[in-house]
Structure formats: C-alpha cells, structure tokens
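For reference, the structure discussed in these notes is given below.
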Amino acid sequence: MLDLRRLRLLHELHERGTIAAVADALQFTPSAVSQQLAMLERETGVTLLERAGRRVRLTDPALVLVGHAEALLEEAAAAEADLAAAVGAVTGRGRIASFQSAARRIALPAMAQLARDAPELRCELVGAEPEEALPALAVGDVDLVLGDEWQHAPWRMPAGLERDELLLDPVMLVMPAGHPAARSRRRAVALSELADAAWISGHPGMGWDEITERLCRERGRFTPQVRHRMNDAVVVAELVADGLGVALLPGLALPDDDPRVAIRPIAGERPTRAIHAVTRASDAARPSTRSLLAAMRAVVRSRSTPRLRG
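In structure tokens form, the structure reads like this:
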C-alpha cells in the first residue's frame with residue numbers, strides 16, 4: 000500500500016521544483032526528503048526521479064502518480080475537515096496571507112476577535128500579494144488568502160480554491176488639502192482637472208497602476224505624469240500630504256484623519272476593486288476555516304463607507 004505522506008512529498012516536489020524547497024516548506028531536512036522518496040520508489044517498483052544537472056525531475060510514471068496523489072490528498076484533507084467538524088472544536092493553526100491594507104483593516108481586527116472568541120486557534124499572518132499567496136494556499140502553506148482583484152485584471156485561480164467576496168472597495172481621489180480641485184467637499188472631481196498634476200502610482204504591471212492609467216485616459220483624456228511609484232499606502236499618503244502628488248487609492252488604503260489630505264470621489268461611475276477571502280475547497284467544513292471566514296466577514300460588516308475629508 001502506498002504511503003500517503005510519501006505521496007505528499009512527491010506532489011510537493013512536483014509543485015515546488017526542488018528537494019530543498021520541499022524540505023524548507025515541510026520543515027524536513029533535504030536528506031530526509033530524499034530518503035522518503037527513495038522508499039516510495041521501492042514501494043512502487045518504478046523509477047520516479049532522474050537527475051537533471053544538479054536537480055532532479057519527475058519521470059513519466061511519477062507524473063502519473065502525482066495525478067493520483069492530488070486526488071488522494073484532497074480526499075484525505077476533506078476527511079480531516081469532516082472529522083474536525085464532527086468534533087466541533089475551533090483549534091489548530093490558521094495561517095492568513097494578506098496584502099498590506101487588508102492586513103491592517105481586516106485581518107488584524109479579525110485576529111484580535113478570534114483571540115477572544117477562539118483562543119485555541121493560533122492565528123498567523125504573513126504579508127503577500129495574491130500572485131504569490133494563491134499558489135501558496137493551493138499547496139497548503141497558508142489557510143486563507145485576502146486578495147484584491149482590480150477591475151479588468153482578474154486572477155488566475157489555482158484549482159481546488161474557493162473565493163468569498165467580502166466587499167467592493169471604492170477607489171477615491173487623494174489630493175493635498177490646498178489643491179484647487181479640493182475646494183468643494185460636496186462634489187465629485189473630474190479627472191481632467193488633474194491633467195497637469197504629478198501622480199503617484201504603483202509599479203508597472205500592478206492593478207493599481209493599470210487602473211490609474213486607464214481612468215486618466217478614459218475619463219480625463221490625458222496620460223498621467225507618474226512621478227512617484229510606491230507600493231506602500233502610508234508613504235503615498237505622506238507624499239500627498241507634503242504636496243508632492245495626487246493618487247487614486249481604494250478605501251482600505253486611505254490614510255487616517257490628516258488635515259493635509261483631501262479625499263474626494265471621482266466624477267462618473269465609481270471604480271472599485273473586489274476584496275476576496277480565498278480558502279481551499281477541501282477545508283470548507285473545517286471549524287478553523289469557518290471561524291476565519293466568519294471573523295473576516297464580521298470585520299467587513301462593521302466597516303463604514305470612506306468619508307470625504309479635507
């Protein structure tokens with residue numbers, strides 16, 4: 000009979016590419032991983048690995064076995080989840096991966112609530128963008144991902160994952176309080192009024208940069224003069240407060256009360272980004288996963304709409 004733990008090692012090697020990466024992820028030594036894979040070869044009676052320079056690669060029979068391993072591991076995970084649901088206790092470890100603003104506004108309050116309501120669940124938080132967090136979720140490195148999906152920039156979801164939309168986060172215009180376009184607190188601002196402004200955006204290829212470029216071109220009929228590129232909303236807010244540029248920021252990333260910063264809606268249909276919580280489908284019945292999702296939803300329900308300021 001095939002050993003499920005060794006099948007998992009083979010599956011992990013297929014996903015991660017090197018024995019060292021498998022050992023690091025599973026807290027084994029590389030030699031222990033190699034020994035277990037050698038035992039799996041003896042159990043199956045076929046060659047599963049072959050040398051490729053300094054690395055190893057999976058043989059064709061190994062790839063066939065990986066396909067079966069995926070189904071077996073999913074079934075085992077579902078069985079563990081059903082067993083945990085039958086017991087009903089919220090225990091174990093809840094590993095959350097989140098990008099910066101969702102970590103601050105959603106994950107941290109949810110973890111604080113869980114520390115009171117489910118003290119036997121040990122929550123862990125790691126900062127990560129969806130592009131790296133979703134594959135980590137698929138292979139079991141984390142248990143829940145908070146990710147942002149910008150309009151016209153959908154994710155590529157790995158198989159076996161389920162998404163839960165938490166909120167549509169409105170994108171707002173952030174300007175220095177003394178900017179002429181910020182004079183009225185009651186009106187939305189046309190982007191055409193900011194054609195000559197210095198802009199702050201994310202790095203090329205990011206959803207934030209894409210929506211900044213697209214909205215300025217479609218609604219303002221200009222290409223923004225991006226002077227600063229930053230992936231830190233706190234630094235962006237300081238740049239704006241110091242009069243060094245304007246930016247589009249979603250609600251979760253808006254700065255706290257600062258009299259130097261004006262926050263206004265954009266004229267026309269309000270752009271948004273979707274915030275999702277993503278989990279493994281096989282964990283749907285697991286009490287720890289259900290508690291993580293419930294805590295995230297509760298935090299979102301308690302949030303208010305972004306206020307106009309400045």
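Here numbering that gives the first Met the number 0 is used: position 85 in the sequence shown is 84, and no number is missing along the way.
Beta carbons: idealized from backbone N, C-alpha and C, even for Gly.
If you're wondering where the values come from, they're calculated on a predicted model, not measured in any experiment.
Spatial neighbours of residue i in its chain, beta-carbon cut-off 7 Å, leaving aside the 5 residues before and after
| i | result |
| --- | --- |
| L238 | I199, H227, G244 |
| P254 | A236, V260 |
| P270 | Q150, V170, I210, L214 |
| G242 | P175 |
| P157 | L133, P134, A137 |
| L9 | L36, L39, L47, A61, L64, V65, A68 |
| R216 | T222 |
| A24 | E11, R15, D140 |
| R54 | T17 |
Of the listed residues the options, nearest to residue i (C-alpha basis)
| i | options | result |
| --- | --- | --- |
| H15 | G250, P134, W207 | Before going on, a small fix: residue 15 reads as Arg here, not His. Here the closest residue by C-alpha is P134. |
| A297 | A276, A194, A284 | A276 |
| N230 | P249, I262, T90 | P249 |
| R155 | A176, E130, L166 | E130 |
| F221 | G201, A232, L190 | L190 |
| P223 | A252, L251, V234, L193 | L193 |
| R272 | V125, A293, V170 | V170 |
| D163 | A117, L292, I18 | L292 |
| P286 | A240, G52, G93, L8 | G93 |
| D147 | L167, L136, G159 | L167 |
| R56 | I18, T28, A24 | I18 |
| V32 | R7, R53, G52, S290 | R7 |
| A77 | R302, D282, L247 | D282 |
| A196 | R186, H202, L172 | L172 |
| H202 | A240, A232, R216 | A232 |
| S290 | R115, I274, E212 | R115 |
| I315 | L165, A22, L247 | Look at the range of the chain in this structure, 0 to 309, and you will see that residue 315 is not part of it. |
| A284 | D59, S30, A88, A51 | A88 |
| G44 | M110, R50, L1, R186 | L1 |
Same chain, Cβ closer than 6 Å to residue i, five either side skipped, listed in chain order
| i | result |
| --- | --- |
| E119 | T90 |
| A61 | L47 |
| V138 | E14 |
| G267 | R218 |
| Q112 | A294 |
| A280 | G159, E161 |
| S97 | A106, L145 |
| A132 | A96, V144 |
| V141 | R94, A96, A135 |
| T288 | T278, D282 |
| A127 | A96 |
| R104 | L251 |
| V225 | W198, S200 |
| V125 | A96 |
Proximal residues to residue i (C-beta, below 8 Å), its chain only, five neighbours per side dropped
| i | result |
| --- | --- |
| A181 | M174, P175, V188, A261, R263, G309 |
| R5 | Q35, L36, M38, L39, E42 |
| E123 | R92, G93, R94, I95 |
Integer Cβ distance of residue i from residue j, believed to fall under 8 Å
| i | j | result |
| --- | --- | --- |
| S310 | A240 | Outside the shown range of the chain, which is 0 to 309, sits residue 310, and nothing can be said about it. |
| T28 | A22 | 6 Å |
Query raised in the report: Enumerated in chain order, which unbroken segments of the beta strand (DSSP E) with a length of 3 residues or greater are wholly contained in the region 182-230?
Result: Fully enclosed beta strand (DSSP E) runs of 3 or longer: 197-200, 224-228.
Query raised in the report: When the Cβ atoms of the region 285-302 are set against those of the region 174-186, are three or more pairs found closer than 8 Å?
Result: Cβ pair count under 8 Å is below three, so no.
Query raised in the report: If you pair each beta-carbon of the region 200-212 with each one of the region 150-166, do three or more pairs fall below 8 Å?
Result: Flag = yes, the region 200-212 and the region 150-166 touch.
Query raised in the report: If you scan the region 61-149 from start to end, which runs of the alpha helix (DSSP H) of 4 or more residues do you find wholly inside it?
Result: Counting only runs of 4 or more, we get 107-116, 129-137.
Query raised in the report: Between the region 56-69 and the region 262-271, are three or more C-beta pairs nearer than 8 Å?
Result: Flag = no, the region 56-69 and the region 262-271 do not touch.
Query raised in the report: Can you give, in chain order, each stretch of the beta strand (DSSP E) that sits fully within the region 254-308 and has at least 3 residues?
Result: As far as the region 254-308 is concerned, its whole beta strand (DSSP E) runs of at least 3 residues are 260-263, 271-279.
Query - Every unbroken beta strand (DSSP E) inside the region 14-59 [3 residues or more] - result: Runs of the beta strand (DSSP E) inside the region 14-59: 48-51, 54-57.
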